[in-house]
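Shown next, in structure tokens, is the structure this report addresses.
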Amino acid sequence: MEFEKNLLEVSYNNINIIEAKKEWLKIYIDNRIDVSGTCICQHNIKYKIYMYNIHNNNTIMVGSTCCKKFNFGNKILDNEILREIFSNNISRGEYTIINNILEYTNNIRDQLINLFREKILMTINLDKTQNYQKLLKIRNEVNELIYEFKIPYLNEIIDEIDEKLRDQLINLFREKILMSINLNKTQNYRKLSKIRDEVNELIDEFKIPYLNEIIDEIDEKINIPCRFCNKLMFLDENDKFHSKCRIKNKLEIRNKLDTNCIYCNNKLSSEYEELEYLNDDNSINYIILNNIVSHIKCQKDNNILEIHDSLDKTCIYCNTKILLEYNELDYLNDDNSINYIILNEKVLNNINYHINCYKDNNISEIHNILDKKCIYCNTKLSLEYNDIEYLNDDNSINYMKLNNIEFHIKCNKDNNILEICKILDKKCIYCDNKLLSQYNELNYLNEDNTINLILLNNIKYHTNCYKEL
50 MEFEKNLLEV
60 SYNNINIIEA
70 KKEWLKIYID
80 NRIDVSGTCI
90 CQHNIKYKIY
100 MYNIHNNNTI
110 MVGSTCCKKF
120 NFGNKILDNE
130 ILREIFSNNI
140 SRGEYTIINN
150 ILEYTNNIRD
160 QLINLFREKI
170 LMTINLDKTQ
180 NYQKLLKIRN
190 EVNELIYEFK
200 IPYLNEIIDE
210 IDEKLRDQLI
220 NLFREKILMS
230 INLNKTQNYR
240 KLSKIRDEVN
250 ELIDEFKIPY
260 LNEIIDEIDE
270 KINIPCRFCN
280 KLMFLDENDK
290 FHSKCRIKNK
300 LEIRNKLDTN
310 CIYCNNKLSS
320 EYEELEYLND
330 DNSINYIILN
340 NIVSHIKCQK
350 DNNILEIHDS
360 LDKTCIYCNT
370 KILLEYNELD
380 YLNDDNSINY
390 IILNEKVLNN
400 INYHINCYKD
410 NNISEIHNIL
420 DKKCIYCNTK
430 LSLEYNDIEY
440 LNDDNSINYM
450 KLNNIEFHIK
460 CNKDNNILEI
470 CKILDKKCIY
480 CDNKLLSQYN
490 ELNYLNEDNT
500 INLILLNNIK
510 YHTNCYKEL
């Protein structure tokens with residue numbers, strides 16, 4: 050079809066039509082009846098829908114009928130700048146047919162670049178603060194187009210903005226740092242802290258890595274943030290945290306460990322030390338600390354008792370304790386917690402027996418079922434079938450196989466051969482001789498010794514008789 054063929058030619062994915070259709074966004078609908086257009090399928094159209102490709106920046110025209118027929122163009126371009134540029138061009142009639150795609154795309158490229166260059170020029174007469182704030186806003190808009198709509202050629206605008214911003218921002222913040230020199234120690238600290246936060250916000254929000262040199266300059270003057278409270282400090286070079294923060298963290302751990310074990314009711318601190326719950330940077334490891342409610346040995350002993358209670362049942366077959374076969378330690382994890390997955394599966398889930406007792410009982414039940422007589426020879430089925438064949442891997446009975454046994458295999462075969470012979474004992478409709486003189490009854494047995502009635506019921510004559518006729 051022309052629609053699919055032409056669409057693949059202008060799509061990034063030019064092989065798979067389903068994937069190709071996902072690349073296109075609806076950018077403008079032209080309902081002017083007096084302006085004709087050509088759909089990508091090459092038919093003339095009245096109602097024109099313009100689509101934009103997010104991967105290769107191509108633009109096409111599609112008729113409303115093709116949109117519905119091929120389930121195409123459900124997504125709409127939501128970027129205001131791109132949509133405005135596309136709409137202005139299309140409404141002026143600068144783009145109407147598919148053959149102009151390359152020319153139109155280049156035109157859009159030039160317009161986008163010029164649009165942002167004009168915006169940059171308009172910042173010249175602003176004061177320093179307004180100027181860099183405006184440039185940052187423009188930079189953000191351009192970045193959105195680059196990453197969201199895959200328009201890499203706009204990187205040259207980012208470079209132009211950064212060329213103006215880099216020196217301006219660095220000088221701006223250096224001036225602010227210099228203004229804090231004549232302040233007293235506390236005021237200086239507060240001022241530099243505020244500048245540092247402001248720079249960090251710009252780095253995080255606008256991804257401007259060159260501002261990290263300002264962070265380094267500030268940290269040289271006021272040292273690093275405390276690893277506990279993250280506030281900047283006036284301390285010696287070797288200090289990584291406020292001493293009061295370290296003491297506070299140790300006290301918090303001590304208070305937690307000063308609680309009682311839920312089993313023995315003695316203090317947890319008798320086994321645990323607070324230093325075990327400080328990370329390398331001396332912050333508190335809450336993940337481990339908050340999970341401590343008992344001594345290790347108390348938890349293990351308690352869990353063994355719980356497992357023991359679960360295993361303290363009598364086997365329903367031999368009437369002796371299940372514990373004689375199961376070991377409670379087998380149901381403890383490496384951290385001494387109970388492995389309920391295994392325990393529930395083997396003990397609590399209605400399993401009240403020893404494995405061997407369960408197996409022997411099921412073999413006995415199978416034997417009783419196989420102790421019935423063959424429906425053909427009237428002798429016991431157990432003469433041919435083995436009880437163990439009807440046990441599953443978990444020693445349960447395979448009733449699906451077992452309940453279908455009513456005869457010996459040989460008896461079933463012999464009986465079915467006799468049945469076939471009876472059917473073949475009728476006469477040929479042409480020569481009046483019996484069909485058995487030509488056909489072999491074994492040919493009408495399936496591999497499982499059942500009768501192939503489809504073949505058998507279609508025999509009414511000898512092959513030679515039919516041929517001669």
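In the numbering used here, the protein residues as written are 50 to 518.
Even for Gly, the Cβ is constructed at its ideal location relative to N, Cα and C.
Note that the structure is a prediction, hence the values are computed from the model and not measured.
Span separating the alpha-carbon of residue i from that of residue j
i: C313; j: C347; result: 7 Å
i: P258; j: R215; result: 10 Å
i: I454; j: K475; result: 32 Å
i: K168; j: I187; result: 7 Å
i: D481; j: Y488; result: 15 Å
i: F52; j: E197; result: 27 Å
i: I415; j: C426; result: 21 Å
i: D159; j: L241; result: 43 Å
i: I341; j: N328; result: 16 Å
i: D361; j: N401; result: 10 Å
i: I345; j: D383; result: 12 Å
i: E496; j: K462; result: 10 Å
i: H521; j: Y202; result: With the chain covering only 50 through 518, there is no way to say anything about residue 521.
i: N62; j: N385; result: 56 Å
i: T363; j: K370; result: 4 Å
i: E190; j: T114; result: 35 Å
i: G86; j: S60; result: 20 Å
i: I162; j: Y238; result: 43 Å
Residues near residue i by beta carbon distance below 8 Å, same chain, minus five either side
i: D409; result: Y366
i: E468; result: I500
i: E355; result: I387
Continuous alpha helix (DSSP H) stretch holding residue i: start and end
i: Y407; result: 404-419
i: Q217; result: 204-227
i: V59; result: 51-59
i: E449; result: Correcting the residue type first, residue 449 is Met in the shown sequence and not Glu. Its alpha helix (DSSP H) spans residues 448-451.
i: T178; result: 177-197
i: I336; result: 335-338
i: K70; result: 66-70
i: L505; result: 502-505
Per DSSP, the bridge partner or partners of residue i
i: M110; result: Y99
i: N309; result: K316
i: D463; result: Looking at the DSSP assignment, D463 forms no beta bridge with any residue, so it has no partner.
i: L440; result: I446
i: N590; result: Any question about residue 590 goes unanswered here, given that the chain covers just 50 to 518.
i: D253; result: Its beta-bridge partners do not exist; DSSP assigns none.
i: T363; result: K370
i: I387; result: L381
i: D79; result: K97
i: K471; result: In the DSSP output, where bridge partners are listed per residue, K471 has none listed.
i: L74; result: Y101
Close beta carbons around residue i, own chain, < 7 Å, minus the five adjacent residues each side
i: T172; result: N180, K183, L184
i: N287; result: Residue placement at N287 is flagged as unreliable, the pLDDT there being 41, under the threshold of 50; a coordinate-derived value is accordingly withheld.
i: D379; result: none
i: V439; result: The sequence given here has Tyr at residue 439, not Val. So the list reads I415, I446, N447, K450, L451, once near-sequence residues are dropped.
i: E72; result: S60, Y61, N62, N102, I103, H104
Contacting residues, own chain, Cβ-Cβ under 6 Å from residue i (five flanking each side not counted)
i: N351; result: Y312
i: H457; result: C423, E433
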